[in-house]
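Trainee:
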Amino acid sequence: LRVGVMISGRGSNMASILAAAEAPDCPYEVVLVASNNPDAAGLAFADARGVAIWAHDHRGMKRAEFDRLIDAALRAANVEMIALAGYMRLLSSEFVEGWQGRILNIHPSLLPKYKGLDTHARAIEAGDAEAGCSVHVVTPELDDGPVVAQVRVPILAGDTPETLAERVLKEEHHLYPAALAKCAADVLKSRSLA
Ligand code: GRF
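Each residue of the sequence shown is one higher than the one before, starting from 5 at the first, in UniProt numbering.
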C-alpha cells in the first residue's frame, strides 16, 4: 500500500516507519514525506534515503488553502493512506473527510486521556502511574478518532516530562510501524476480497 507520511519536525517516528518498510514482507511503502515546515529535520533524512519529499511553508495561508495544496501533493504521488508523524497542524475537516478513515496519527498519551499538547507533564502532574502512546484513526476532532493500538509505559519516581517522553518515544517507534502495517494489510485484504 502506498503511504504518505506528514511531519513538521524531527521525524523520528517517520524514520521508524521507513526502517520497517525495508522488511520484505512489509505491506506498505512510503512514497512521499510531506511537511508544512521546509526546515523539518525529517525531510533531509527522508531525502537522503531516496524517499520523495514535498514541503511548503503554511505561514500566511489559510488552513483550508494549505490543506488543498498538501492534499494535491499526496494525490499526485498516488498515496492511499496517510500517517501523521509529529504533524503539528490541525487539519481542516475537508481534508480529513477527503481521506475518510485512511489517516492515522500517533499521540503520546493513553487516549482518550490528554489530547493536545504537554501530555507527559499533564500525566505526571495528575500523579498517574502510567503514561503511553496511542495510534488512532484521524477524525476532524483533535486526537479523537478510534484507537487502533496502544502501549502503556510506567511513570517512575523522579520522572520529568523529558525522561518520560524519551521512554514513551522508544515505544512509539515500535508501535507506529506495527499499527500502520496492520492497517495497510487490512486494506489490501479487503481489496482482495472485493
Ligand atoms: C511524538 O512524540 C509523537 O507522538 C507526537 O509528536 C512527536 C513527534 O516526534 N505526535 P518525531 O517528529 O516523530 O520525532
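Glycine residues also receive a C-beta, built at the ideal position from the N, C-alpha and C atoms.
Note that this is a predicted model, so its numbers are computed, not measured.
Going by the C-beta, is methionine 18 closer than 7 Å to any heavy atom of the ligand GRF?
Mentor: yes
Trainee: On the premise that leucine 22 lies in contact with valine 55, defined as a C-beta separation below 8 Å, what is that separation, rounded to the nearest angstrom?
Mentor: Rounded, the Cβ-Cβ distance is 7 Å, consistent with contact.
Trainee: Measuring only from the beta carbon, is leucine 173 closer than 7 Å to any heavy atom that is part of the ligand GRF?
Mentor: yes
Trainee: Contact defined as beta carbons within less than 8 Å: I believe isoleucine 57 pairs with isoleucine 86. What is the distance between those atoms, to the nearest angstrom?
Mentor: Not really, about 15 Å apart at Cβ, beyond 8 Å.
Trainee: Determine the contact status of alanine 135 and isoleucine 110, defining contact as a CB-CB distance below 8 Å.
Mentor: no
Trainee: Proline 116 to cysteine 137, Cα distance in whole Å?
Mentor: 11 Å
Trainee: Less than 8 Å separating the beta-carbons of alanine 188 and tyrosine 91?
Mentor: For the 8 Å CB-CB criterion, alanine 188 and tyrosine 91 do not form a contact.
Trainee: Hey, how far is the Cα of proline 42 from the Cα of glycine 64?
Mentor: 14 Å
Trainee: Please return the same chain residues whose Cβ sits closer than 8 Å to the Cβ of tryptophan 146, not counting the five positions on each side in sequence.
Mentor: The displayed chain sequence assigns leucine, not tryptophan, to residue 146. Same-chain partners within the cutoff: Leu94, Lys119 and Gly120.
Trainee: What does the alpha-carbon distance come out to for the pair glutamate 129 and arginine 156?
Mentor: A direct Cα-Cα distance of roughly 17 Å separates glutamate 129 from arginine 156.
Trainee: Pull up the CB-CB distance for proline 181 and alanine 24, whole angstroms please, since I reckon it's below 8 Å.
Mentor: 3 Å
Trainee: With DSSP as the reference, please indicate the residues paired to histidine 111 in a beta bridge.
Mentor: Ser138
Trainee: Leaving out five residues on either side along the sequence, give the residues of the same chain with a beta carbon under 7 Å from the beta carbon of arginine 53.
Mentor: Leu22
Trainee: So within the stretch 29-103, which uninterrupted alpha helix (DSSP H) runs reach at least 4 residues, ignoring any that extend past its ends?
Mentor: List check, alpha helix (DSSP H) in window: 45-52, 67-80 and 97-102.
Trainee: Using only CA atoms, which one of Ala76, Ala127, Val152 and Ala183 lies nearest to asparagine 17?
Mentor: For asparagine 17, the nearest C-alpha among the options comes from Ala183.
Trainee: What are the start and end residues of the alpha helix (DSSP H) that includes proline 158?
Mentor: No alpha helix (DSSP H) holds proline 158; the beta strand (DSSP E) holding it covers 151-158.
Trainee: If you follow the alpha helix (DSSP H) that arginine 106 is in, where does it begin and where does it stop?
Mentor: Unbroken run through arginine 106: none, as it is neither H nor E.
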